[in-house]
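Q:
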Amino acid sequence: MRIDKIRLKNFRCYEETEIEFHPNFNIVIGINGTGKTAVLEALTVAAGSFFLGIDYAENRHIRPEDIRVLSTEFDINEQFPVEVETWGVINGQEISWLRELTGPKNKTTYVKALKIKELAKEIQSRVRAGENVNLPMVAYYSTERLWKERSDTTKISGSRLKDGYYNGLKATSNNKFFTKWFEKEEMVVLQQRKESVGLQVVRKTVSNCVDGCENVYFDFNRRELIMEYNDGRKLPFKYLSDGVRNTLATVADIAFRCAMLNPHLGEDAAQLTEGLVLIDELDLHLHPSWQKEIVNNLKTSFPKIQFIVTTHSPLILSTVQDRIVTMVDGKAYYSVNTYGRTANDVLRNVMATPERIEDVQDKLDLYFELIEVGEGLSENAMNLRKQLEEAIGNDDPELARADVLLAFYEDE
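According to this note's numbering, the sequence shown is numbered sequentially starting from 661.
#1: Tell me the rounded alpha-carbon separation between phenylalanine 962 and glutamate 1015.
#2: Could you tell me the boundaries of the beta strand (DSSP E) in which glutamate 745 lies?
#3: From aspartate 1022 to proline 948, what does the alpha carbon distance come to, in whole angstroms?
#4: Tell me which residues share the same chain as tyrosine 877 and place their Cβ nearer than 6 angstroms to its Cβ, disregarding the 5 neighbours each side in the sequence.
#5: Residues in its own chain within less than 7 angstroms of serine 856 by CB, not counting five upstream and five downstream?
#6: Going by alpha carbons, who is nearest to asparagine 1009 out of Phe897, Thr998, Asn684 and Val699?
#7: Rounded to a whole number of angstroms, what is the C-alpha to C-alpha distance between tryptophan 950 and tyrosine 889?
#8: In angstroms with no decimal places, state the Cα-to-Cα distance between phenylalanine 740 and isoleucine 727.
#9: In its own chain, which residues sit with a C-beta less than 6 angstroms from the C-beta of glutamate 934, not counting the 5 before and 5 after it?
#10: Which same chain residues, not among the five before or five after arginine 820, have their C-beta less than 8 angstroms away from its C-beta?
#11: Taking the C-alpha atoms as reference points, what is the distance between isoleucine 1031 and alanine 1012?
#12: Pick helix, strand or coil for cysteine 673, following the three-state DSSP scheme.
#13: What is the C-beta distance between leucine 703 and isoleucine 663, in whole angstroms, given that I count them as a contact (C-beta under 8 angstroms)?
#14: State buried or exposed for alanine 1067, treating a residue as buried only when at least 16 other CB atoms are found within 10 Å of its CB.
#15: Taking its Cβ as the centre, do 16 or more other Cβ atoms sit within 10 Å of alanine 1060, making it buried, or is it exposed?
#16: Comparing C-alpha positions only, which one of Lys665, Phe685 and Phe671 sits nearest to leucine 938?
#17: DSSP state of threonine 933, grouped into three classes?
#18: Use the C-beta contact count for tyrosine 674: other C-beta atoms within 10 angstroms, 16 or more gives buried, fewer gives exposed.
#19: Just the C-alpha distance for glutamate 778 and leucine 932, rounded to the nearest angstrom, thanks.
#20: Quick one: Cα of glutamine 640 to Cα of leucine 895, how far?
#21: When the Cα atoms are used, what is the spatial distance from leucine 712 to aspartate 902?
#22: Provide the residue span of the alpha helix (DSSP H) that contains tyrosine 800, from first to last.
#23: For valine 729, which residues of its own chain have a beta-carbon under 6 angstroms away from its beta-carbon, when the five flanking residues on both sides are left out?
#24: Determine the contact status of lysine 952 and threonine 979, defining contact as a CB-CB distance below 7 angstroms.
#25: From the DSSP output, in three-state form, read off glutamate 1058 for me.
#26: Does the beta-carbon of asparagine 906 have 16 or more other beta-carbons within 10 angstroms, so that it is buried, or is it exposed?
#27: When DSSP labels each residue in this structure, what does arginine 863 get in the three-state scheme?
#28: Assuming leucine 700 and tyrosine 800 form a contact by the criterion Cβ under 8 angstroms, report the distance between their Cβ atoms to the nearest whole angstrom.
#29: Counting only the same chain and skipping the five closest in sequence on each side, list residues whose C-beta sits under 7 angstroms from that of glutamate 809.
#30: Look at the Cβ atom of threonine 1078, then the Cβ atom of tyrosine 993, and state whether they are nearer than 7 angstroms.
#31: Which residue comes first and which comes last in the alpha helix (DSSP H) that contains isoleucine 1052?
#32: Note the first and the last residue of the continuous beta strand (DSSP E) segment covering methionine 987.
#33: With 16 as the cutoff for other CB atoms within 10 Å, does serine 973 come out buried or exposed?
#34: Under a Cβ-count criterion, where at least 16 other Cβ atoms within 10 Å of its own Cβ denotes burial, should glutamine 852 be classed as buried or exposed?
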């Protein structure tokens, strides 16, 4: 599965807009309230249309909260129709489909999504006939994706379709379900003295993608998952930092789904499975050193999966060679290359955000103005210099640049 373009009409904050996507990695940026998460939610409607043809999977309808509203002084009016139109590739075929909500008491239509539904049904029939057909991995991870304790009585079925697509668009990592699977697989290891291919896929992927991770296993005494570090430390997941736990949970869930959906791919399931992964706030709780690695780690671990994510991190943007989509006033703009640029450069020129707080920047601007007019050693300038050193330190690069300019103007 790959999504090349979507068109939104009356979906959340969007009156009407089109967004094009790169086949590999896409990052959607914008200030708070510009509709980054709305784009991901619309994509769940688009991708969820595939589940119309899968018996065990739950597709995503257009919900009441997805309807755009116009407010006046005396009234609030819902806008119809709400449309999510999509162009993409399913199982090697280029197709388009449309999901629509035409009124407040109506249901989301699928009449114009019959082709993707029939493609999914055909794939499902081939799986049930015993064919080793490759299934696309589809999942959405929202900002709620931390490992929350919640009730989940679903049992591992052993079905590729049922297990691989379980709660795929529920916006959270399915930690309870995944933990049950891990416990079951570890029990098989104890009984048969042999590790399943699925378990190998998950462990290998997590170790490659999570810095410092040597192994992940289920502890039967503690009844929980344990992460073992390269230095020998062993920590239950509940004691890991939010950033580590969040990354590990997401990566493990993706790898788990790849292994469940395509067991015939063996140890290469994560490498060879195609699909679509949506992640809201990729930088959630991540240390800057991890932010610089996360995009490359995901692309390396899952090279055939299309990622569409949001972020506020200039460090992450500086590692992307694919596509940056900036949402401004309900429209999509495609940024120039950000790969290899400094975080400050990305902040200033891509995210349109000042590098410094306004008070410090104003003082720096005034200080440089005084230097350039030959008053760099005046009492006013010296007072500004003292205030700046107290605020940002005397080793700040801008103050070093000021010293060079002072020397230059003195020589003149």
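Every residue gets a Cβ at the ideal spot worked out from N, C-alpha and C, and that includes glycine. Source: prediction; values computed, not measured.
A: Quick answer:
#1: 34 angstroms
#2: 742 to 750
#3: 28 angstroms
#4: Ile886
#5: Glu845 and Val848
#6: Thr998
#7: 16 angstroms
#8: 8 angstroms
#9: Pro796 and Lys964
#10: Val787, Leu795, Met920, Leu921, Asn922 and Pro923
#11: 27 angstroms
#12: coil
#13: 7 angstroms
#14: exposed
#15: exposed
#16: Phe685
#17: coil
#18: buried
#19: 24 angstroms
#20: It is not possible to answer for residue 640, since the shown part of the chain is limited to 661 through 1072.
#21: 35 angstroms
#22: Premise fails: tyrosine 800 lies in the beta strand (DSSP E), 797 to 801, not in any alpha helix (DSSP H).
#23: Ile736 and Glu738
#24: yes
#25: helix
#26: buried
#27: helix
#28: 7 angstroms
#29: With a pLDDT of only 48 at glutamate 809, under the threshold of 50, the placement of this residue in the model should not be trusted, and no figure is reported.
#30: Since the first and last residues shown for the chain are 661 and 1072, residue 1078 lies out of range.
#31: 1039 to 1052
#32: 983 to 988
#33: buried
#34: exposed
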